[in-house]
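Worksheet: the structure to be examined is printed underneath.
There are 2 protein chains.
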Amino acid sequence: MTLLVQKFGGSSVSDVDAIRRVAQRVVATRESGASVAVVVSAMGDTTDDLLDLASQVSPNGPAERELDMLLTAGERISMALLAMAISDLGTPARSFTGQQAGMRTDSSHGRARLLDVTPARVAKALQRGEVAIVAGFQGVSDEEDITTLGRGGSDTTAVALAAALNADVCEIYTDVDGLYTADPRIVPSASRVTRITIEETLEMAAHGAKILHLRAVEYARRFGVPLHVRSSFSDQEGTWILVDRPLTGAQTPGPTTRHTPHSATDPRPSEDPMEDPIISGIAHDRSLAKVTVVGIPDRPGGASQVIGAVATAGVNIDMIVQNVSTSPDGLSDISFTLPEVDGAAAVAALRELQHDLGMADVLYTSHVGKLSLIGAGLRSNPAVAQRMFTALAEAGINIEMISTSEIRISVITDQDVLEDAVRAVHSAFRLDAEAEAVIYGGTGR
Amino acid sequence: MTLLVQKFGGSSVSDVDAIRRVAQRVVATRESGASVAVVVSAMGDTTDDLLDLASQVSPNGPAERELDMLLTAGERISMALLAMAISDLGTPARSFTGQQAGMRTDSSHGRARLLDVTPARVAKALQRGEVAIVAGFQGVSDEEDITTLGRGGSDTTAVALAAALNADVCEIYTDVDGLYTADPRIVPSASRVTRITIEETLEMAAHGAKILHLRAVEYARRFGVPLHVRSSFSDQEGTWILVDRPLTGAQTPGPTTRHTPHSATDPRPSEDPMEDPIISGIAHDRSLAKVTVVGIPDRPGGASQVIGAVATAGVNIDMIVQNVSTSPDGLSDISFTLPEVDGAAAVAALRELQHDLGMADVLYTSHVGKLSLIGAGLRSNPAVAQRMFTALAEAGINIEMISTSEIRISVITDQDVLEDAVRAVHSAFRLDAEAEAVIYGGTGR
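Residue numbers (full-length UniProt numbering), protein chains in the order written: chain A, 1 to 445; chain B, 1 to 445.
If you want it as structure tokens, here you go:
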């Protein structure tokens, strides 16, 4: 029997009416003959309301363990209500906390990592023909303390559950109907992507697309879980994110059965294996800042010391760029981007070591923009990069940094011109809605 | 070191300010040198709000298991916020769900019974000097399903925790400052009781006093837990409910150390062991209905069949009265009171068996009133009953049924005259506030 995991975010269960709509959708899926496990987030503003209460009772900042205890009440409410609503329609349903669903994590409160997923109770409920509702975002540590998975947590729960149950697909329901070739609020002509590879989605998520969290995409890639991102407000198909094969060593069944429809209720697209798109789409990110360390003696270990100092300060680094030294004094510069919230810590750490490392200066720019062009065609086609840089030049946009990977070209620009840059590149690659076989784009949700 | 369990009900944690006030009280207790475990209910109207959501998503009535999952979110929120508020004042605090606190129950959702209480994690937290906050009302079944204890659940949690931890006292904080000789809303001159025995409190709770739930009092009696009922809005002492000795077989340390103050922070009253009051107080109950089965053949087994039929229908019976048969045809009547909500079910069950059991008729009166006079003096003093009946007669109140125990006399009256009856008896026994050594009275909370 086909097994689906359906994940509904907070906006899909924002109130009683929304919960009843989701219940109807789940029941319709179940009645089509598929087994259904549902992962649900907290209702609408619940999490924000709870955070507000927490800051009121603890002006000095709430204890992390207690904050996890508090916030997990949110999914407890939404999942119990959804189970009731489904049962009320005559379909048996049962809700499970992260702990009951076997979501074992480390004990890093607020940002716990999954260590083991053993959803035996969920599997049993499915075998009995029940709809299993699992709380997103939460788990339990070895010390039996309640943990939360941090940002992107509910998507990660859904993908992890789909992997552990060997589900045929993990459907991510959201308030938009899929991935777009660029953020439709910036590029109104952006088109919806029908299929994309997981690697391209990974680059999208890593470089600013917000519709799916990077961590959930990484998990899906690792365990070979096909994703289907679609709207909870319509029945039309969204974007299929397909995996060729799980990474070696991932403990999930091989991919051989994943691309052959095997039942009338098979939820996967019936067309042929996906074609190779030239360009997937454009992601952008405005949460970054930039640091340039000037005048590092050009000798082995220089970059390591700079990045090491920043890493020791607990700062996550995004892109790193260092060019070959061409200066007569043998000094080079190294630049990196990082989350803007970490900017002050990184600069402080570097200034402390400025003398020891022999750096001339540390320059800091808050609020840079990053544009990333993503697609399978990039690795074999230098004309893509040329067309991208030309489009930006013609739009009068200065490129401050460039970084590339096999399937991505990223540029750093002034944040004020980022939206112009997205539109210029989108247009240059003819990613408008009339075009076919063209992919991606995140909304700012 | 002295160990206190402090229980705060929903009205004591109704909002952020109330939670911060409770936090200050807990911290003050902790700083006086005592160890403190706190049991907390859901905030103010949370439970009602959640029940409202449940009825909206499931018009056919919510599934019991899911209702427990939903409602337990309430204490999760209040306990996490209280732990944060206490930590914010510089005192380490840690919250525990019913499961984490070792509250093992049977799997009767909505009305689970405690099977085992093993608060190892709570004890460890206390040993570390932390304040332990435990969710009231909730537990976990052998199947690891979340359960709730039903009415009086948080009081029961507090008493059970106090017993398992061998606490010196279980303080029940509420919105009134103790037990009164009668409901102050009916008898404005009612006086606050300073001490009362657990047996008298048990009769009070069983016969309509609402300040402490019967079940919690039973648990306290069984395990020899001293209770102190007091106001969360003042520092003055409330009512001490003292236990001479736990029942045989209860697994709690003997009572020998319970009445000897053994430290400067000993929370117990410093006076001599309690004196024997003549009359404890007056309880009343207006939630009952009355059934009279007329014309039962006066032979062995008649009462058993009647009560058996009702019990089989799942109805709890309150008082049962059957007088000796004096009728020439050898028929007798049997009357019993029961919760009014169960009235229809009981009558239906009896009517079904009316012919088989040879009953002439089944009479039903909804909304009767019950007045109970409670005190240690009753067992040895028939004049007490006489004075009570005389007072009622002088007030023109008809007595429909009478039932007595060693320390209680209950009468059933028309519900319309119940308050007059309470005032008449209160006055007849001079229980007004001027009197000393006089006990009890529940508010309608």
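Positions of the beta carbon are idealized from the N, C-alpha and C atoms, including for glycine.
Give the interface partners of residue i over in chain A, defined as CB-CB distance under 8 Å, in chain order.
{"i": "L53(B)", "result": "V16, I77, L81"}
{"i": "A85(B)", "result": "V57, S58"}
{"i": "M103(B)", "result": "Result: empty, since nearest Cβ-Cβ is about 14 Å, beyond 8 Å."}
{"i": "L202(B)", "result": "Neighbours of L202(B) on chain A: none; closest Cβ ~35 Å, over 8 Å."}
Within 10 Å of its beta-carbon, does residue i have 16 or more other beta-carbons around it, so buried, or fewer, so exposed?
{"i": "L363(B)", "result": "exposed"}
{"i": "T157(A)", "result": "buried"}
{"i": "L214(B)", "result": "buried"}
{"i": "D15(B)", "result": "exposed"}
{"i": "M1(A)", "result": "exposed"}
{"i": "K124(B)", "result": "exposed"}
{"i": "R299(A)", "result": "exposed"}
{"i": "L70(B)", "result": "buried"}
{"i": "T105(B)", "result": "buried"}
{"i": "V293(B)", "result": "buried"}
{"i": "L161(A)", "result": "buried"}
{"i": "T390(B)", "result": "exposed"}
{"i": "Q100(B)", "result": "buried"}
{"i": "residue 463(B)", "result": "Limits of chain B in this structure are 1 at one end and 445 at the other, which puts residue 463(B) out of reach."}
{"i": "L50(B)", "result": "buried"}
{"i": "T47(B)", "result": "buried"}
{"i": "E203(A)", "result": "buried"}
{"i": "Q24(A)", "result": "exposed"}
{"i": "D142(B)", "result": "exposed"}
{"i": "R128(B)", "result": "exposed"}
DSSP has residue i in a bridge; who is on the other side?
{"i": "residue 470(A)", "result": "Because chain A in this structure spans residues 1 to 445, residue 470(A) falls outside the shown range and cannot be described."}
{"i": "Q6(A)", "result": "V38(A), E171(A)"}
{"i": "I412(B)", "result": "K370(B), M401(B)"}
{"i": "L338(A)", "result": "A289(A)"}
{"i": "M103(A)", "result": "V117(A)"}
{"i": "S231(B)", "result": "T174(B)"}
{"i": "Y219(A)", "result": "Its beta-bridge partners do not exist; DSSP assigns none."}
{"i": "residue 450(B)", "result": "Limits of chain B in this structure are 1 at one end and 445 at the other, which puts residue 450(B) out of reach."}
{"i": "P297(B)", "result": "L331(B)"}
{"i": "A283(A)", "result": "S372(A)"}
Using C-beta distances below 7 Å, list every residue in its chain close to residue i, excluding the 5 sequence neighbours before and after it, in chain order.
{"i": "G110(B)", "result": "E64, L67, D68, T148, G150"}
{"i": "L418(A)", "result": "H284, R286, G369, L371"}
{"i": "S87(A)", "result": "A93"}
By the criterion of Cβ-Cβ separation under 8 Å, what are the contact partners of residue i in chain B?
{"i": "T72(A)", "result": "R76"}
{"i": "L50(A)", "result": "I77"}
Counting only Cβ pairs nearer than 7 Å, list the residues of chain A close to residue i.
{"i": "P62(B)", "result": "M84"}
Residue i versus chain A: which residues are under 9 Å apart at the beta carbon?
{"i": "L288(B)", "result": "The premise fails here: L288(B) is roughly 32 Å from chain A at the closest Cβ pair, so nothing lies under 9 Å."}
{"i": "D88(B)", "result": "V57, S58, P59, N60, G61, P62, A63"}
{"i": "E144(B)", "result": "Q99, Q100, R121"}
If I measure Cβ to Cβ from residue i and keep anything under 8 Å in the same chain, skipping five residues before and after, which residues do I get?
{"i": "I19(A)", "result": "V13, M43, S78, L81, L82, A85"}
{"i": "V422(A)", "result": "A182, D183, I186, V187, I282, H284, L371"}
{"i": "R387(A)", "result": "A428, F429"}
Check whether the Cβ atoms of residue i and residue j lie closer than 8 Å to each other.
{"i": "V122(B)", "j": "V134(B)", "result": "yes"}
{"i": "L165(B)", "j": "A37(B)", "result": "yes"}
{"i": "T413(B)", "j": "A289(B)", "result": "no"}
{"i": "L126(A)", "j": "A120(A)", "result": "no"}
{"i": "V291(B)", "j": "L338(B)", "result": "yes"}
{"i": "I317(B)", "j": "V306(B)", "result": "no"}
{"i": "I279(A)", "j": "G375(A)", "result": "yes"}
{"i": "A303(A)", "j": "I334(A)", "result": "yes"}
{"i": "G178(A)", "j": "G238(A)", "result": "yes"}
{"i": "residue 461(B)", "j": "V22(B)", "result": "The requested residue 461(B) does not occur in the structure, where chain B is confined to residues 1 to 445."}
Along chain B, in chain order, which residues have C-beta atoms closer than 7 Å to that of residue i?
{"i": "S95(A)", "result": "E66, M69"}
Quick one: which chain B residues come within Cβ less than 9 Å of residue i?
{"i": "R20(A)", "result": "Q56, V57"}
Cβ of residue i versus every heavy atom of the ligand MN: is any distance shorter than 7 Å?
{"i": "T197(A)", "result": "As presented, the structure is devoid of all ligands, the ligand MN included, so that no description of it is given."}
If you drop the 5 nearest sequence neighbours on each side, which residues of the same chain put their C-beta closer than 6 Å to that of residue i?
{"i": "V159(A)", "result": "C170, A216, Y219, A220, V225"}
{"i": "T201(A)", "result": "V217, I241"}
{"i": "H262(A)", "result": "The predicted position of H262(A) is uncertain, since its pLDDT is 32 and thus under 50; a value taken from the coordinates is nonetheless stated next. Within the same chain, H262(A) has no close Cβ partners at all."}
{"i": "G152(A)", "result": "H213, R215, A216"}
{"i": "residue 459(A)", "result": "Nothing about residue 459(A) can be reported from this structure: the residues present for chain A run from 1 to 445 only."}
{"i": "S41(A)", "result": "G9, G10, G136, S154"}
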